[in-house]
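Report on the structure given below.
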Amino acid sequence: MQIKGKIALVTGGASGIGLAYVKALLSNGAAKVAILDLASSNGVEVAKNLNAEFVHGKVIFVVGDVTKSKELEAGFAKAFEEFGGLDIVINNAGIMDDTKWELMVDINYNGVVRGTLLGLKYMGKNEGGKGGTIVNVASIVGVMPSNIFPIYSGTKHAVIGLTRSFAAPENYDHTGVRLMSMCPDVTETQLITKSVGRSLSIIKTELLNKTFNEMQSTESVAKAMMQIIREGENGSSWIVTHGEPPFEVDLPESSEKFVRKVRS
Ligand SMILES: NC(=O)c1ccc[n+]([C@@H]2O[C@H](COP(=O)([O-])OP(=O)(O)OC[C@H]3O[C@@H](n4cnc5c(N)ncnc54)[C@H](O)[C@@H]3O)[C@@H](O)[C@H]2O)c1
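When you line the sequence shown up against this note's numbering, it's residues 28 to 291, in that order.
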């Protein structure tokens, strides 16, 4: 899918990697971008600055807490009505805090379920839409375990399973909406820099003292996101690590093929 001329919505787009996705979409010619984030975020200011940098009216900020179904739905509806359509949804909002795991599950998993259902509602051909693309943000610890943040890792595994299941060929034929997962490695945002104290006390102290020396830039993840949107296949999951171009994760395709493979 070409990015030029497209209308996009990014959850958690007011800061961190989400903001880098918003900027990259604009630099790559997106017609309109909606930043959906918490009322307490600096979304108003961010949208104002981006409108000054790019063409005025390209960016809107819509308030939306991904844990609140009605608020999220209203945010999607506002973007859809104001922009006259929707082509790309990036479900990016997330936190990494195992000490607040119930809230984290609600944001990282339920929030992505809500955003996926709304993306399908507003873009699905079966709903009268013209199809589109949903990228759900998981993590590198969505395809491998995390000894420090096991519950966070679990939410990200769930995001990949959800995304691949909605992307099944039968569903894609029905909706015309392509779904993919983005799995970044450690990236320089406050999610990492403020992570100390956000692990459960049952985790060994030696592990908690681990510092993240190598952090890739948010811009490198956003660049990878643009490549995925342009070229990624429906159902694919992509790792981006050390600022390098993304590579696709090799996951079992269907239970039938998988069982055949492990038996052979
Ligand atoms: N930073 C990393 O190393 C890294 C690695 C892999 C995956 N990720 C994932 O990338 C995504 C973005 O992470 P980040 O590092 O930019 O984090 P961040 O904390 O810098 O930004 C997160 C954004 O989400 C918003 N947000 C939080 N809760 C929300 C809610 N309930 N409703 C709406 N918006 C909400 C915040 O206001 C913020 O703007 C997350 O899903 C995260 O799990 C991050």
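Here a beta-carbon is modelled for each residue, glycine too, at the ideal position from N, C-alpha and C.
Neighbourhood of residue i by C-beta, 6 Å cutoff - its chain only, sequence neighbours within 5 removed
| i | result |
| --- | --- |
| Val89 | Ala61, Leu63, Gly102, Lys105 and Ala106 |
| Val248 | Ile44, Pro211, Thr214 and Val267 |
| Asn76 | none |
| Leu206 | Ile161, Thr190, Phe193 and Ala194 |
| Phe21 | Only positions 28 to 291 of the chain appear in this structure, which leaves residue 21 out of reach. |
| Gly203 | Lys152 and Gly158 |
| Gly91 | Leu63, Glu98, Leu99 and Gly102 |
| Ala35 | Leu52, Ala57, Val60 and Ile115 |
| Ala251 | Val267 and Pro273 |
| Asn163 | Asn118, Val139, Val186, Thr190 and Ser208 |
Residue environment, residue i, which counts as buried when at least 16 other CB atoms sit within 10 Å
| i | result |
| --- | --- |
| Phe66 | Here residue 66 turns out to be Ala, not Phe, going by the sequence shown. It is exposed - the Cβ of Ala66 has fewer than 16 other Cβ atoms within 10 Å. |
| Lys221 | exposed |
| Asp124 | buried |
| Arg257 | exposed |
| Phe239 | exposed |
| Thr40 | Residue identity differs from the one stated: residue 40 is Gly in this sequence, not Thr. Burial call: buried. |
| Arg290 | exposed |
| Gln29 | exposed |
| Ser208 | buried |
| Arg287 | exposed |
| Ala74 | buried |
| Asn307 | This structure cannot speak to residue 307, because the chain is shown only from 28 to 291. |
| Thr38 | buried |
| Thr245 | buried |
| Asp200 | exposed |
| Gly84 | exposed |
| Leu234 | exposed |
| Gln254 | exposed |
| Lys217 | The sequence given here places Gln at residue 217; Lys does not occur at that position. Classification for Gln217: exposed. |
| Thr343 | The requested residue 343 is not part of the displayed model; the chain covers only 28 to 291. |
| Ser42 | buried |
| Ala47 | buried |
| Lys31 | exposed |
| Ser68 | buried |
| Gly111 | exposed |
| Lys284 | exposed |
| Lys33 | buried |
Beta-carbon contacts of residue i that lie in its chain and below 7 Å, excluding the five residues immediately before and after
| i | result |
| --- | --- |
| Glu100 | Leu145 |
| Ile167 | Cys210, Pro211, Asp212, Ile266 and Thr268 |
| Tyr149 | Phe103, Phe107, Leu113 and Gly156 |
| Glu109 | Ile87 |
| Trp128 | Ile178 |
| Pro172 | Ser180 |
| Val93 | Thr38, Leu99, Ala120, Ile134, Gly138, Arg141 and Gly142 |
Beta-bridge partners of residue i, as assigned by DSSP
| i | result |
| --- | --- |
| Asp133 | Partner(s): none; Asp133 has no beta bridge. |
| Pro211 | Val267 |
| Phe274 | Ile266 |
| Arg141 | Arg141 is not bridged to any residue. |
| Gln29 | Note: Gln29 sits in no beta bridge, so no partner. |
| Arg205 | Thr160 |
| Phe107 | Per DSSP, none; premise fails for Phe107. |
| Asp64 | Val90 |
Sequence-distant residues of its chain with Cβ nearer than 8 Å to residue i (five each side left out)
| i | result |
| --- | --- |
| Lys231 | none |
| Ala165 | Lys183, His184, Val186, Ile187, Thr190, Ser208, Met209, Cys210 and Ser264 |
| Leu278 | Val170, Ile187, Arg191 and Ser264 |
| Gln243 | Pro211, Asp212, Val213, Thr214, Glu215, Val267, Thr268, His269 and Gly270 |
| Val71 | Phe88 |
| Asn55 | Ile30, Lys31 and Met253 |
7 Å Cβ cutoff, residue i in contact with chain C
| i | result |
| --- | --- |
| Gly70 | This model lacks chain C altogether, as it is built from one protein chain only. |
| request: Check whether the segment 178 to 194 touches the segment 131 to 147, taking contact to mean three or more Cβ pairs, one atom from each stretch, closer than 8 Å. | output: yes
| message | Measuring CB atoms only, is the segment 190 to 202 touching the segment 223 to 233, in the sense that at least three cross pairs come out at less than 8 Å? | response | no
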